[in-house]
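Undergrad: Each number in this note's numbering comes from the position in the sequence shown (counting from 1) with 86 added on.
A virtual CB, placed ideally from N, CA and C, is assigned to each residue, including glycine.
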Amino acid sequence: MTVRPSCAAVHLLRLTIRDFRNIAEAEVEAPRSGLVLVGDNGQGKTNLLEAIYYLHLFRSLRGARDAELVRFGGAGFHVAAHVDGAAHDVIRAGFERATGRKKIVLDDVECARLSDALGVLPCVAFAPSDVGIVGGAPALRRRFFDVALATTSRRYLLALQQYRHALAQRNAALRSPGAPSLAGIWEAPLAQHGAVLRQERTEWVRWARSRLAELGEALGERQELGARYRSAVEVPEGAAEEEAREALVRALERHRDRDVERGATHTGPHRDDLDLRLGGHVLRHFGSAGQQRTAAIALRLLECAWYRERMAREPLVLLDDPLAELDRDRGGRVLSLLTAREMGQSVLAVPRLDDIPEAWTALARLRVREGAVAPWATPWAA
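(1) So, for G280: in the same chain, excluding its five sequence neighbours on each side, which residues have a beta-carbon less than 7 Å away from its beta-carbon?
(2) So what does K131 bridge to, in DSSP terms?
(3) Can M429 and T238 be called in contact, C-beta distance under 8 Å?
(4) Identify every run of the alpha helix (DSSP H) within the region 297-373, keeping only runs that are complete inside it and at least 4 residues long; order them along the chain.
(5) Could you check whether the region 316-328 touches the region 265-276, counting it as contact only if at least three pairs of C-beta atoms, one from each stretch, sit closer than 8 Å?
(6) Start and end of the beta strand (DSSP E) containing L98?
(7) Assuming H174 is part of the beta strand (DSSP E), what are its boundary residues?
(8) Among L301, F144, L134 and E329, which one has its Cα closest to the Cα of A426?
(9) Bridge partners for V433 per DSSP, in chain order?
(10) List the endpoints of the continuous alpha helix (DSSP H) containing F230.
(11) Does the region 375-384 touch the region 212-221, meaning 3 or more C-beta pairs lie closer than 8 Å?
(12) What are the residues that DSSP puts in a beta bridge with V459?
(13) Under the DSSP definition of a beta bridge, which residues are partnered with L192?
(14) Please tell me whether R342 and A269 are closer than 8 Å, where the distance is taken between their beta carbons.
(15) Since R414 contacts G306 with CB under 8 Å, what's their CB separation in whole angstroms?
(16) Below 8 Å on the Cβ atoms is my contact criterion, and I expect G128 with V454 to pass it. Report the Cβ-Cβ distance as a whole number of Å.
(17) Is the separation between the beta-carbon of R399 and that of P208 shorter than 8 Å?
(18) Please name the residue in V96, F212 and A325 whose C-alpha comes closest to that of N148.
(19) Distance, Cα to Cα, L469 vs L434?
(20) Might you give, ordered along the chain, the residues of its own chain that have their beta carbon closer than 6 Å to the beta carbon of H164, omitting 5 neighbours on each side?
(21) Return the first residue and the last residue of the alpha helix (DSSP H) that C390 is part of.
(22) Assuming E289 and Y242 are in contact, meaning their beta carbons sit under 8 Å apart, how far apart are those beta carbons, in whole angstroms?
(23) Within its chain, find whatever has a CB closer than 7 Å to the CB of W392; leave out the 5 residues flanking it on each side and keep chain order.
(24) Run the CB neighbour count on P266, radius 10 Å, all protein chains shown included, and call it buried at 16 or more, exposed below.
(25) Going by the beta-carbon positions, is the gap between V210 and C390 smaller than 8 Å?
(26) Comparing alpha-carbon positions, which option in A350, Q309 and R357 lies nearest S317?
(27) Could you check if H142 is buried or exposed, using at least 16 other CB atoms within 10 Å of its CB as the buried criterion?
(28) Need the endpoints of the beta strand (DSSP E) that V210 sits in, please.
(29) Taking its Cβ as the centre, do 16 or more other Cβ atoms sit within 10 Å of A337, making it buried, or is it exposed?
(30) Can you list, in chain order, the residues of its chain with a C-beta nearer than 8 Å to that of T88? Leave out the 5 residues immediately preceding and following it.
(31) Quick one: residues in its chain with C-beta nearer than 7 Å to the C-beta of A330, no 5 flanking neighbours on either side, listed in chain order?
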């Protein structure tokens with residue numbers, strides 16, 4: 087495996103939650119060694135993990151709107167963390183349902199822009215739903231790109247924001263009178279910012295290839311696990327950003343009439359994909375459920391490595407029943423990688439005590455029941 091650079095481990099010390107999902111109020115002290123959340127499905131374990139992750143992206147782990155995160159009957163929610171090893175010691179986020187206002191405070195200083203806080207508590211979340219990144223729609227793989235890159239590259243984040251603005255404007259122009267000429271106005275900025283997105287994504291893929299193959303082998307895959315960037319706009323691999331920009335401009339011009347007919351832009355990074363393959367075969371079409379799950383875990387492990395290299399931080403690892411739906415052999419290999427020395431502080435959620443893998447049985451445990459969080463007073467008690 088690739089040797090990791092020296093970096094600081096991020097530790098969650100204390101988490102405070104109010105009116106988030108089904109959690110009315112909770113205060114959790116987290117040992118540096120990690121923590122296990124135990125509770126039946128639907129009791130609030132994943133909600134607690136989601137509250138931690140919210141302080142990384144300031145958006146829902148599961149794609150919900152902020153208003154949907156407010157506990158039923160609540161006026162808003164509040165999540166705060168005291169941390170060690172991050173850029174800030176105290177991170178707070180709140181949302182008010184009536185006004186729709188979101189407030190983020192770092193060390194008692196309110197952020198003027200959400201973008202200034204992205205990634206301040208670096209987290210990587212492993213969940214059974216991650217299989218959708220491999221087997222689901224291209225939008226899920228683009229979101230994987232966007233989260234990993236926007237939280238580690240200011241340049242990527244700004245380009246993503248400006249690209250989305252230009253895309254919305256061009257799409258609106260395509261549906262208006264005088265569409266061809268109006269749409270053309272937005273093609274230069276769309277290509278300019280799109281070239282940045284494409285360039286950083288393709289650089290990530292080049293960085294990831296050998297690491298992904300190593301992880302696939304470590305996870306027991308007999309054929310090589312690989313990745314490539316797939317786009318309808320042909321640009322030679324390793325081409326300069328300017329060449330990508332010019333290719334995007336030509337493609338937008340060439341397809342403008344078609345886009346006018348359909349009322350939407352069909353060319354650009356918002357339509358590109360991460361092509362994951364096993365032994366040269368497209369995983370989303372030909373991979374078994376176990377192979378797709380293995381690849382999804384490999385992507386999350388890559389995300390951990392990316393934060394180490396780009397942020398010099400060991401991210402907090404959130405594990406939602408990580409061995410679910412895996413056979414014993416795959417589960418054992420996954421566990422070996424998840425418990426390797428290079429992984430950071432872990433917060434693990436499982437339905438039952440006997441679902442705790444042996445490597446984590448020494449961690450402190452909390453019981454989660456109907457949104458309430460309490461210490462597990464007697465080890466292995468029912």
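TA: From the atom records:
(1) For the purposes of this step, residue 280 is identified with residue 194 of the sequence shown, where counting begins at 1. Here the set comprises Y249, L334, G354 and P355.
(2) Locating residue 131 in the sequence shown gives position 45, where the first residue counts as 1. DSSP output for K131 lists no bridge partner at all.
(3) To locate residue 429, count along the sequence shown from 1; it is residue 343. To locate residue 238, count along the sequence shown from 1; it is residue 152. M429 is not a Cβ neighbour of T238, given a cutoff of 8 Å.
(4) Here the runs fully enclosed are 327-340, 342-348 and 369-372.
(5) no
(6) For the purposes of this step, residue 98 is taken as the residue at position 12 of the sequence shown. H97 to F106 is the span of the beta strand (DSSP E), which, as asked, contains L98.
(7) Residue mapping note: residue 174 aligns to position 88 of the sequence shown, counting from 1. Premise fails: H174 is in no beta strand (DSSP E) and is neither H nor E.
(8) The sequence position of residue 426 within the sequence shown is 340, counting from 1. Taking only the C-alpha atoms, the option nearest A426 is L301.
(9) Sequence index remark: in the sequence shown, residue 433 carries index 347 (1-based). In DSSP, V433 forms a bridge with L121 and L404.
(10) Sequence index remark: in the sequence shown, residue 230 carries index 144 (1-based). Element bounds for F230: P224 to A236.
(11) yes
(12) Here residue 459 is taken as the residue at index 373 of the sequence shown, counted from 1. Paired residue(s): V454.
(13) Start at 1 with the first residue of the sequence shown, and residue 192 comes out as number 106. For L192, the pairing in a beta bridge is given by DSSP as I177 and V195.
(14) Along the sequence shown, one-based indexing puts residue 342 at 256. Along the sequence shown, one-based indexing puts residue 269 at 183. Yes; because the gap between Cβ atoms is below 8 Å, this pair is in contact.
(15) Position 328 of the sequence shown holds residue 414. Position 220 of the sequence shown holds residue 306. Wrong, their Cβ atoms sit about 11 Å apart, outside the cutoff.
(16) Position 42 of the sequence shown holds residue 128. Position 368 of the sequence shown holds residue 454. Contact flag wrong, Cβ pair sits at about 10 Å.
(17) Sequence index remark: in the sequence shown, residue 399 carries index 313 (1-based). Sequence index remark: in the sequence shown, residue 208 carries index 122 (1-based). Their beta carbons are under 8 Å apart, which means R399 touches P208 by this criterion.
(18) Reading the sequence shown from its first residue, position 62 is the one you call residue 148. Residue identity check: residue 148 is Arg in the sequence provided, not Asn. Minimum Cα distance to R148 is reached at F212.
(19) Because residue 469 is not part of the residues shown, which for the chain are 87 to 468, the question remains open.
(20) Within the sequence shown, residue 164 is the residue found at index 78, counting from 1. Excluding positions up to five away in sequence, the list reads R104 and G180.
(21) In the sequence shown, the residue the question calls residue 390 occupies position 304. Start and end: A375 to M397.
(22) Reading the sequence shown from its first residue, position 203 is the one you call residue 289. Reading the sequence shown from its first residue, position 156 is the one you call residue 242. E289 to Y242, Cβ: 10 Å. No contact.
(23) If you number the sequence shown from 1, residue 392 lands on position 306. So the qualifying residues of the chain are A234 and T238.
(24) Walking along the sequence shown from the start, residue 266 turns up at place 180. So P266 counts as exposed.
(25) Against the sequence shown, residue 210 aligns to sequence position 124. Against the sequence shown, residue 390 aligns to sequence position 304. Contact: yes.
(26) Locating residue 317 in the sequence shown gives position 231, where the first residue counts as 1. Nearest option by C-alpha distance: R357.
(27) Reading the sequence shown from its first residue, position 56 is the one you call residue 142. Burial call: buried.
(28) Here residue 210 corresponds to residue number 124 of the sequence shown, with the count starting at 1. Unbroken beta strand (DSSP E) run through V210: C209 to F212.
(29) As a working mapping, residue 337 is identified with position 251 in the sequence shown. With 16 or more Cβ atoms within 10 Å of its Cβ, A337 is classed as buried.
(30) One-based indexing of the sequence shown puts residue 88 at position 2. Per-residue confidence for T88 stands at a pLDDT of 41, beneath the threshold of 50, marking its modelled position as unreliable; no derived number is given.
(31) One-based indexing of the sequence shown puts residue 330 at position 244. Correct list, in chain order: A281, R284, Q285 and V321.
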